[in-house]
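Taking it in order: structure first as structure tokens, then the write-up.
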Amino acid sequence: MSYRVASRPALPPDLLAAVGGDELLAHLLYRRGCRSGEEARKFLDWRFYEPFPPSRFPGMQEAVAVVERAIAAGHRVCVYGDYDADGVTATSILVEALERAGADVTYHVPDRFREGYGLNRNVLEHLAGEGVRLVVTCDTGIASAEEVACAGELGMEVVITDHHQPPAVLPPAAAIVNPKLLDPDHPTRMLAGVGVAFLFAGALLREGEGWPEAFLDLFVLGTIADAVPLVTENRYWVQRGLPCLWTTRRPGLKALMQAAGIDPGAATEEDVAYQLAPRINAAGRLEVARPVVEMLLTADGARAAELAAWLDRVNARRRELCDLISEEAEARLEDRRAPAIVLFDPHWHEGVIGIVAGRLAERYGRPAFLLTTREQEEVAVGSARAGAGISVYDVLAACADELVRFGGHEAAAGFAVEPERIPRLASRIQAVVGSRCPGAAGGAVAEWELGLETISREVYDKVQLLAPFGAGNPAPVFVTRGLSILAHRSTFNGKHLRLVVGREEHRYSAIWWSAPQDLVPAADSVDVLYELGLDRWQGEERLELVVRDILPSQAMPAPLVEEEWLDLRGTDPAELLRSYPDAVFYGEGKPAPAGVPVGHRYAIRPAPTLVLLTIPPDPAVLKEIIALANARRIVLGYGDEPLPGVKDFLRNLLGMAKYALNRHAGLVDLGRLAAALGELEGTVYYGLLTLVEAGALAVSLQERNRVLVKKGPPDRVPPEAAQARMRLQKLLAESRAFRRFCLRVPAADIAATMFRRR
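Here's what the structure looks like:
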């Protein structure tokens, strides 16, 4: 993969003036479509933006009139939704709005596997038999012309609210509200299904009855979950609505946040995308989604907690399936530079291939199309996710003659194809994507080049003014050239990579989420593409680089300076502090000596001297500590202490897990817990699983190296727990062997044989 740095156009003077002359911020705003100071102010602060009135939305007045007639006549109304997060949040908004408007309302959320996507004839017949006279769809219906006609024959009117691409011939509905029927530059065109439902609620309630604040929590959740572009109306309402989500009064959302270990006081849009949305989507992907609507609407706290716990268990199964299919898909990628990714496996689970397609599209920067078979049909079904700025709906439309059916929008689409046509379809997709975006297999774009010396909390805060980030408004990617990789190690499951990169006296910790296993170049000098991140944990904050890619550099590396190693093992720590008052002291796994400022591996700062009061668990952690300290003098100041065995380790781990339960609602960061115990993340993880196997705890693996600990016994034991004790014993044996080595050999030998950087 290659990359380029975005060009710097001449910036409009009033744009620069609006941001106080800050060239970086003005450049980033310009790249996001802001061409004036007024546009910049609207982008940065929702209070300057004028949202589109719900009542002026085309088709809205007709839709409201149909609903009001049904309410006046006492007719029963059914909200017909969809099974993803967008669909269930849209369903919840419409049910609540209709109830506030006085309707006799029920709702239906289809079963993905028995009923499929869209309106279902059998369901409509059942609803008619139950006395329903009006069906209001949300996030579905625009492609269900035959079913809408069927509803009419059954004596029911249909109002369609949807955001998917409409067909050439629209369904014979009483009213249709769909932003895709508007001009391409209309500010509401990119609304999600929940956004359309939200505006419909505003129009129906005459912008009263608590609208918009009462519904903004659901709008934010559904909009971010559906990965629609966070621009214009979407950006306005998400900016305005995020505080409403974190302060929601809904017992279901509160319970779900607690189950996910989210601290509402420090949460961001990433917590929606990586914690809340996957849990809600898991229900429809693996089971049924109707209980999610119940969770979002219920006022019963106990019932909400019960449903949130169920969702958490379903999501754990979803994560295991996704990880398995992701590994298989990665292994089958033959040409990683092809314009698109197209993969088929008859055994993959239909409910999660869309997630895996999204992972692949994000990692490789190109559209991904994954297919599997459906037992009850003689067709293969597929999910597509966008990449490289290409609309997957348009790609499928160009291949429509190969397909049984398809639907969706720019970012995500579903389709079906006869199995024998899959090879031909794959070739067509590659050709279409390649012709529409010849650079789809090409390089990334860095928005700005930064020197390590210019990275600061001030720059991070400046970038955060552009948040919330997501589709249509990605976090800025920066590049720094000519760096050295001073240390790197995999996290406990091998999926992520921790690094220390630097040049001369400047060092930064970096994390590469879902790092390719073989793509850290063995080069003396590298260019690093990254986003600026802030690692927050229990009041601590640390600026870090979130790596997007690492490539060999043409720049010359800075010369590395050899360290001086001193052997003062067994010396009193207070004496070491007196001898080296400017030192940074490293220590883990035991209480800090009185009066000595000791830091763990994530709290190491640059200093002239690094004093090791304990031995790190393995060479990679030691290299990381040395790189972060950037010290010219390394002092071995640890003593000969007993090394804990499995029993002692598990006792200490259980104590810390119980502390986390009592003080932090059970949420633990594997890295911080490993630092507290002086072990590796993998050792801690398999220790937790060993406690799960013993019935002492229940654990739920969260995104990005975090675990939620719960009281035992567990409702479900993860499959890998069966081998956990054996893996724990192996990891502890390896760390003990390394520590024995560091206790016995001279300092010069440690430096010469283990840590000299070439």
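Note that my numbering has the sequence shown beginning at 5, numbered continuously upward.
Backbone N, C-alpha and C define an ideal beta-carbon position, used for all residues, glycine too.
Which residues mark the beginning and the end of the beta strand (DSSP E) in which residue i is found?
| i | result |
| --- | --- |
| K4 | Residue 4 lies beyond the residue range present for the chain, which begins at 5 and ends at 762; the question has no answer from this structure. |
| Y534 | 530 to 541 |
| V81 | 80 to 84 |
| E544 | 544 to 556 |
| R502 | 501 to 507 |
| L15 | Neither: L15 is in no beta strand (DSSP E) and is coded neither H nor E. |
| E366 | Note, E366: premise wrong, no beta strand (DSSP E); alpha helix (DSSP H) at 357 to 368. |
| R409 | 409 to 412 |
| Y512 | 510 to 516 |
| Y590 | 588 to 590 |
| S583 | Where S583 is concerned, there is no enclosing beta strand (DSSP E), although the alpha helix (DSSP H) it sits in stretches over 577 to 583. |
| V181 | 179 to 181 |
| V421 | 416 to 421 |
| L640 | 637 to 640 |
| T236 | Unbroken run through T236 is the alpha helix (DSSP H), 236 to 250; no beta strand (DSSP E). |
| A277 | Counting along the chain, A277 falls outside any beta strand (DSSP E), and DSSP gives it neither H nor E. |
Classify residue i as helix, strand or coil using the three-state DSSP reduction.
| i | result |
| --- | --- |
| E150 | helix |
| N285 | helix |
| C142 | strand |
| I629 | helix |
| E42 | helix |
| D115 | coil |
| F61 | coil |
| A444 | Confidence in A444 is poor, its pLDDT being 49 and thus under 50, which makes the residue's placement unreliable; the coordinate value appears in the next sentence. Correct three-state label for A444: helix. |
| T302 | coil |
| E291 | coil |
| T165 | strand |
| T613 | strand |
| R341 | coil |
| A607 | coil |
| A598 | coil |
| E213 | coil |
| E157 | helix |
| L186 | coil |
| Y7 | strand |
| I754 | helix |
Starting from residue i, follow the alpha helix (DSSP H) in both directions and report where the run begins and ends.
| i | result |
| --- | --- |
| S431 | 426 to 440 |
| F219 | 217 to 229 |
| F202 | 197 to 208 |
| L102 | 89 to 104 |
| V127 | 125 to 133 |
| R35 | 27 to 35 |
| L257 | 255 to 264 |
| E568 | From DSSP, E568 is part of no alpha helix (DSSP H) but of the beta strand (DSSP E) over 568 to 571. |
| V385 | Looking at the DSSP string, V385 is not in any alpha helix (DSSP H); the run it does join, the beta strand (DSSP E), is 384 to 389. |
Among the options, which one has its Cα closest to the Cα of residue i?
| i | options | result |
| --- | --- | --- |
| S330 | A342, G362, A308 | G362 |
| K651 | R676, D349, L692, R307 | L692 |
| L15 | R8, S460, A44 | A44 |
| T252 | S387, G269, T141, P13 | G269 |
| S6 | R743, R748, D531, W569 | D531 |
| A178 | A207, L158, L138 | L138 |
| L469 | L28, R12, D18 | L28 |
| W569 | H167, I754, A678 | I754 |
| P3 | L364, A333, G24, L257 | Outside the displayed span of the chain (5 to 762) sits residue 3, for which this structure offers no information. |
| L572 | A205, A277, L617 | L617 |
| L290 | L280, T141, R317 | R317 |
| D221 | P255, W452, D539 | P255 |
| A698 | N497, G716, L705 | G716 |
Thinking residue i and residue j are a contact (beta carbons under 8 angstroms), I'd like their distance in whole angstroms, please.
| i | j | result |
| --- | --- | --- |
| K627 | A491 | 4 angstroms |
| P62 | L186 | 6 angstroms |
| A633 | L614 | 4 angstroms |
| A196 | G245 | Contact doesn't hold; Cβ gap of about 13 angstroms is too wide. |
| E298 | L311 | 6 angstroms |
| R367 | S518 | 6 angstroms |
| G85 | Y111 | 7 angstroms |
| I266 | A229 | With 8 angstroms as the limit, I266 and A229 do not qualify as a contact, their Cβ atoms being about 15 angstroms apart. |
| V672 | V696 | Going by Cβ atoms, the distance from V672 to V696 rounds to 14 angstroms, so no, they are not a contact pair. |
| L549 | V505 | 7 angstroms |
Could you tell me whether any Cβ in chain C is nearer than 8 angstroms to the Cβ of residue i?
| i | result |
| --- | --- |
| I515 | Here there is only one protein chain, and chain C is not present. |
Query - Entirely enclosed beta strand (DSSP E) segments - the segment 667 to 751, minimum 3 residues - result: 671 to 673, 701 to 705, 710 to 715, all fully within the segment 667 to 751.
Query raised in the report: Can you list the beta strand (DSSP E) stretches of 3 or more residues lying completely in the segment 465 to 502, in chain order?
Result: Counting whole runs of 3 or more residues, the segment 465 to 502 contains the beta strand (DSSP E) stretches 482 to 494.
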